[in-house]
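Here the structure comes first, spelled out in structure tokens, and everything after it is commentary.
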Amino acid sequence: MKIPSLRNHTIVCGTDPTAVAIIEELQAMKVKAAGQGESADAPPGSDYIVCDSSGDSIEKLAERIGPFNYLVGDVTDDEVLGRAHIESAFGIFCVLPIEKDNVCVALAARQKNPSIRIVTTTADPFVYGQKLSRAGANAVVSPNFIGGLRIVSEAARPNVTAFLDEMLRDKNPDLQIHEIEIAAGSSLCNTSLMASRIPAATGLLVIALLRKGDVHYMYNPPASTVIGAGDTIVVMGGRQQVESLTRLAGRAQA
Amino acid sequence: MKSKIQAKLFNAIFAVAAILIIGTFGFHGLLKDLTYIDALYLTVVTVATVGYGDLTAHTNRFPGSHGHLAKLFTIFIIVAGVATFVYPLGIIAEHMISGDLQRESRRRRMQRLIARLRGHFIICGGGETGVTIMDELEKTQRKSVLIDMSTERINELQERFKNLIFVEGDATDDQAIRAAGLSRAAGIIPALPDEKDNLIIVVSVGQVKKERGDTLRIVSKVINMDRMAPKLRATGADTIIAPSTISGRRMVSEMFRPSVTTFLDRMLKDSRGIMRTEEATVAPDSPLAGVTLADAKIPQKAGLVIVAMRHNGQQQFICNPRASQRLEAGDVLIAMGDMHNIAKLRELAGGEES
Chain A
2 MKIPSLRNHT IVCGTDPTAV AIIEELQAMK VKAAGQGESA DAPPGSDYIV
52 CDSSGDSIEK LAERIGPFNY LVGDVTDDEV LGRAHIESAF GIFCVLPIEK
102 DNVCVALAAR QKNPSIRIVT TTADPFVYGQ KLSRAGANAV VSPNFIGGLR
152 IVSEAARPNV TAFLDEMLRD KNPDLQIHEI EIAAGSSLCN TSLMASRIPA
202 ATGLLVIALL RKGDVHYMYN PPASTVIGAG DTIVVMGGRQ QVESLTRLAG
252 RAQA
Chain B
2 MKSKIQAKLF NAIFAVAAIL IIGTFGFHGL LKDLTYIDAL YLTVVTVATV
52 GYGDLTAHTN RFPGSHGHLA KLFTIFIIVA GVATFVYPLG IIAEHMISGD
102 LQRESRRRRM QRLIARLRGH FIICGGGETG VTIMDELEKT QRKSVLIDMS
152 TERINELQER FKNLIFVEGD ATDDQAIRAA GLSRAAGIIP ALPDEKDNLI
202 IVVSVGQVKK ERGDTLRIVS KVINMDRMAP KLRATGADTI IAPSTISGRR
252 MVSEMFRPSV TTFLDRMLKD SRGIMRTEEA TVAPDSPLAG VTLADAKIPQ
302 KAGLVIVAMR HNGQQQFICN PRASQRLEAG DVLIAMGDMH NIAKLRELAG
352 GEES
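For the record, the sequence lines run as chains A and B.
Take 2 as the starting number for the first sequence in this note's numbering and just add one per residue.
Take 2 as the starting number for the second sequence in this note's numbering and just add one per residue.
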């Protein structure tokens, strides 16, 4: 297959079930982007190319989800990465079955494209997590770990799962978590949580607070906690409520 | 395995008894001036290869006889008896060396521990997913029992989990699952590498669940979603989790929306303690049942804010519940924070978390 000149695309290395899940998501994004009309610029990364050393698995996948750009070859070979236009890519997914190959590809990708976003899997986060980060991966995801965690949640805290699901999947617009940074000039600065009357004025629930420069959140902060400039408060509630708080806080933070 | 050792030992001891009886009656009949006690003594001294020499086939022969018969009989007792006498010792030694006895005592110790568990989770398979599951259950102060076939793997995991409770056996075997305390378990998690094995577990446990009509949660790991998921659902799995699908989606969101999941993710990775979003169900005899949220004073008692709750078994969550909200038995409270505080909340709610 002829490789089109791709720009701002994502590269998927591998065709295992995890890679398939990624490709399906990417395909859905692409379809959605195409639906928004010709005029709209395609969002970065919605174009993708799949690389795998086995032509068979690519063909099988194409039968299932329809045609897509692909490249048969060993991605640990820099030349193959070059043919996938790594220099102009937005991001790369390393989902190869061999851990060392993922390290290898992450390293090569980072060298060839310093601004690329690299997301990799690992079966063994204890051994390979750090190695992959050092090799240049922006995010390392362990199927065993998040799968295991999810299984426990489903088995032992099914209500929490339903709750977080509602929150994270935007099913319920009144139920979202937002992080809001308090600007220096805000009226909320140097007031205690109680005095700030966030729950009363906005109806929001303050679930955590992150001190400026701190890495750890403070959960369930007591009402006497004084908010400082640059602190981030994590609130739960509806969009409108959050907007009113953002106005109080001074400026918006994603 | 247990019965095999017992059968062997039983046979060996029977043989020893037989030799002692034959020897006692034989020597008593063939030699002069021997009581039965003397004859038994002579037999034991002979087969134990001690041979003090105070009683012998020679010195105690009947006057006039050559004692050939007595000597031949002694030879028989020595040849047959020594081997018989040593055999049971050999069996015990062999099993000590091969670890069978140790395994057996370990099994009994585990059975005693399992008998005391209630509301625990049974994990079938100690692979990487199984380990993550056990780790998370331990961190959130829940009990688990592992079923794994490999002694080697169990030994390995015992180093990692100090209080590992396990059943050594095949999880697709009903007996192993029963030994893991299925009747008192809160849930079972088939996480074996072979998908068909997981299906077999779900089938047999699903049947038990249906018959008993209880709340046992069956959550199965699945690799090939398309092929296995319908089968697993039809046979009684409450939820099916495909780690590869979840991680694929997670990877996509890490790629395009890296900031969205940060808060909850960072919460899981907090190095100061174990931070979780957790739930607690209000028991009928809990001090929380029948009072308003304001009167329950959960922030003061447990250091937590109730972020959401499920009231009266309703599907819809009440988010950020008001102080005037009344709590009833069966309500599910959701809170975020340190596991120490969560434990306090669970205790307050009645200790039982579903």
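Even glycine gets a Cβ: it sits at the ideal position worked out from N, Cα and C.
Q: Could you tell me whether any Cβ in chain A is nearer than 8 Å to the Cβ of B/Asn199?
A: Here residue 199 of chain B corresponds to residue number 198 of the second sequence, with the count starting at 1. No, its Cβ sits nowhere closer than 8 Å to a Cβ of chain A.
Q. In or out: B/Ser145 buried (at least 16 other Cβ within 10 Å) or exposed?
A. The residue given as residue 145 of chain B occupies position 144 in the second sequence. Its Cβ being crowded by 16 or more others within 10 Å, B/Ser145 is buried.
Q. What in chain B is Cβ-close to A/Gly238, meaning under 7 Å?
A. As a position in the first sequence, residue 238 of chain A is number 237, starting the count at 1. Chain B residues near A/Gly238: Asn321.
Q: State the start and end residues of the unbroken alpha helix (DSSP H) segment that holds B/Asp227.
A: Looking up residue 227 of chain B in the second sequence gives position 226. Residues 226 to 236.
(Q) In the DSSP output, which residue or residues are listed as bridge partners for B/Glu169? (A) By one-based count along the second sequence, residue 169 of chain B stands at place 168. Answer is B/Asp149, bridged to B/Glu169.
Q: Take the Cβ of B/Tyr53 as the centre, count every other Cβ of all protein chains shown within 10 Å, and call the residue buried at 16 or more, exposed below.
A: Here the question's residue 53 of chain B lines up with position 52 in the second sequence. Exposed, since its Cβ has fewer than 16 Cβ neighbours within 10 Å.
Q) So what's A/Arg8 in DSSP terms, helix, strand or just coil? A) As a working mapping, residue 8 of chain A is identified with position 7 in the first sequence. Taken through DSSP and simplified to helix, strand or coil, A/Arg8 comes out as coil.
Q: Please compile the residues from chain A whose C-beta is within a distance smaller than 7 Å of the C-beta of B/Ala18.
A: One-based indexing of the second sequence puts residue 18 of chain B at position 17. Per Cβ cutoff of 7 Å: no residues; B/Ala18 is ~54 Å from chain A at best.
Q: Would you list the residues sitting across from B/Pro191 in a DSSP beta bridge?
A: Along the second sequence, one-based indexing puts residue 191 of chain B at 190. DSSP output for B/Pro191 lists B/Cys125 as bridge partner(s).
Q: Establish whether the CB of B/Ala8 and some CB of chain A are separated by less than 8 Å.
A: The residue given as residue 8 of chain B occupies position 7 in the second sequence. B/Ala8 does not count as touching chain A.
Q) Residues of chain B with CB under 9 Å from A/Asn92, in chain order? A) The residue you call residue 92 of chain A lines up with position 91 of the first sequence. According to the sequence as given, residue 92 of chain A is Gly; it is not Asn. Chain B residues near A/Gly92: Met256, Phe257.
Q) Taking the Cβ atom as the reference point for each residue, do B/Ala192 and B/Ile134 lie within a distance shorter than 8 Å? A) The residue you call residue 192 of chain B lines up with position 191 of the second sequence. The residue you call residue 134 of chain B lines up with position 133 of the second sequence. Result yes, Cβ atoms of B/Ala192 and B/Ile134 sit closer than 8 Å.
Q. In chain order, what residues of the same chain have a beta carbon less than 8 Å from the beta carbon of A/Pro144, not counting five sequence neighbours either side?
A. As a working mapping, residue 144 of chain A is identified with position 143 in the first sequence. Excluding positions up to five away in sequence, the list reads Thr19, Thr122, Ala124.
Q: Locate the beta strand (DSSP E) running through A/Thr122, then write down its first and last residues.
A: Along the first sequence, read from residue 1 onward, the residue named residue 122 of chain A stands at position 121. Unbroken beta strand (DSSP E) run through A/Thr122: 118 to 122.
Q.
Measuring CB atoms only, is the stretch 19 to 30 of chain A touching the stretch 62 to 70 of chain A, in the sense that at least three cross pairs come out at less than 8 Å?
A. Judged by Cβ distances under 8 Å, the stretch 19 to 30 of chain A makes contact with the stretch 62 to 70 of chain A, as three or more pairs qualify.
Q: Determine, using beta carbons only, whether A/Tyr220 comes closer than 8 Å to chain B.
A: Position 219 of the first sequence, counted from the start, is the residue given in the question as residue 220 of chain A. Yes - at least one Cβ of chain B is within 8 Å of the one on A/Tyr220.
**Q.** Integer Cβ distance of B/Gly207 from B/Gly249, believed to fall under 8 Å
**A.** One-based indexing of the second sequence puts residue 207 of chain B at position 206. One-based indexing of the second sequence puts residue 249 of chain B at position 248. About 28 Å separates the two Cβ atoms, so there is no contact after all.
Q: State the start and end residues of the unbroken beta strand (DSSP E) segment that holds B/Glu329.
A: Translated into the one-based positions of the second sequence, residue 329 of chain B becomes position 328. Element bounds for B/Glu329: n/a, residue is neither H nor E.
Q) What residue ranges within the stretch 43 to 112 of chain B form continuous alpha helix (DSSP H) runs of no fewer than 4 residues, ordered along the chain? A) 69 to 99
Q: Answer with yes or no whether the minimum CB distance from A/Ile178 to chain B is below 8 Å.
A: Position 177 of the first sequence, counting from 1, holds the residue named residue 178 of chain A. So yes, A/Ile178 belongs to the interface.
(Q) Between B/Glu129 and chain A, is the shortest Cβ-Cβ distance under 8 Å, so that the two count as touching? (A) Numbered from 1 along the second sequence, position 128 holds the residue referred to as residue 129 of chain B. Yes, contact with chain A.
Q. How should A/Gln242 be labelled, buried or exposed, when 16 other C-beta atoms within 10 angstroms of its C-beta is the threshold for buried?
A. For the purposes of this step, residue 242 of chain A is taken as the residue at position 241 of the first sequence. By the Cβ-count criterion, A/Gln242 is buried, with 16 or more other Cβ atoms from all chains shown falling within 10 Å of its own Cβ.
Q. How is B/Ala281 classed by DSSP in three states: helix, strand or coil?
A. As a position in the second sequence, residue 281 of chain B is number 280, starting the count at 1. Here B/Ala281 sits in strand by DSSP.
Q.
Taking CB distances under 8 Å as the criterion, tell me whether A/Ser40 reaches chain B.
A. Residue mapping note: residue 40 of chain A aligns to position 39 of the first sequence, counting from 1. Reliability fails at A/Ser40, whose pLDDT of 47 lies under 50, so the model's placement of it is uncertain and the value that follows must be treated cautiously. By this cut-off, A/Ser40 is not an interface position.
Q) When burial is assigned at 16 or more other CB atoms within 10 Å of the CB, is A/His10 buried or exposed? A) The residue given as residue 10 of chain A occupies position 9 in the first sequence. By the neighbour-count rule (16 or more Cβ atoms within 10 Å), A/His10 is buried.
Q: Would you decide whether A/Val32 is buried or exposed? Buried here means 16 or more other CB atoms lie within 10 Å of its CB.
A: Against the first sequence, residue 32 of chain A aligns to sequence position 31. Flag for A/Val32 reads exposed.
Q | Inter-residue spacing [alpha-carbon to alpha-carbon] between B/Leu56 and B/Leu43 | A | The sequence position of residue 56 of chain B within the second sequence is 55, counting from 1. The sequence position of residue 43 of chain B within the second sequence is 42, counting from 1. Looking at the two C-alpha atoms, the distance is approximately 7 Å.
Q: Answer yes or no: does any C-beta atom of chain A fall closer than 8 Å to that of B/Ser151?
A: Here residue 151 of chain B is taken as the residue at index 150 of the second sequence, counted from 1. No, because no Cβ of chain A sits closer than 8 Å to the Cβ of B/Ser151.
Q: Less than 8 Å between the CB atoms is what I'm expecting for A/Val76 and A/Leu82, so what's the real figure, rounded?
A: Taking the first sequence and counting its residues from 1, the one referred to as residue 76 of chain A is at position 75. Taking the first sequence and counting its residues from 1, the one referred to as residue 82 of chain A is at position 81. With a Cβ gap of about 6 Å, A/Val76 and A/Leu82 count as contacting.
Q) chain B partners of A/Pro144, CB-CB under 7 Å? A) Position 143 of the first sequence, counting from 1, holds the residue named residue 144 of chain A. Those within 7 Å of A/Pro144 in chain B are Pro244, Ser245, Ser248.
Q | Opening and closing residue of the alpha helix (DSSP H) in which B/Ala297 lies | A | Locating residue 297 of chain B in the second sequence gives position 296, counting from the first residue. Looking at the DSSP string, the run of the alpha helix (DSSP H) that includes B/Ala297 is 294 to 297.
Q. Just by C-beta distance, which residues in the stretch 175 to 193 of chain B are closer than 9 Å to chain A?
A. Ala187, Gly188, Ile189, Ile190, Ala192
Q: Give the residues from the stretch 152 to 166 of chain A that approach chain B closer than 9 Å (Cβ to any Cβ), ordered along the chain.
A: Ile152, Val153, Ser154, Glu155, Ala156, Ala157, Arg158, Pro159, Asn160, Val161, Thr162, Ala163, Phe164, Leu165
Q: Measure the Cβ-Cβ separation of B/Phe86 and B/Val48 and say whether it is below 8 Å.
A: Counting from one through the second sequence, the residue named residue 86 of chain B turns up at place 85. Counting from one through the second sequence, the residue named residue 48 of chain B turns up at place 47. Contact: yes.
Q. Got a sec, what are the start and stop residues for the beta strand (DSSP E) A/Glu182 sits in?
A. As a first step, residue 182 of chain A is located in the first sequence; it is residue number 181 there, counting from the start. It spans 177 to 182 - the beta strand (DSSP E) in which A/Glu182 sits, taken as one unbroken run.
**Q.** Where A/Leu72 sits in the DSSP three-state scheme
**A.** One-based indexing of the first sequence puts residue 72 of chain A at position 71. Here A/Leu72 sits in strand by DSSP.
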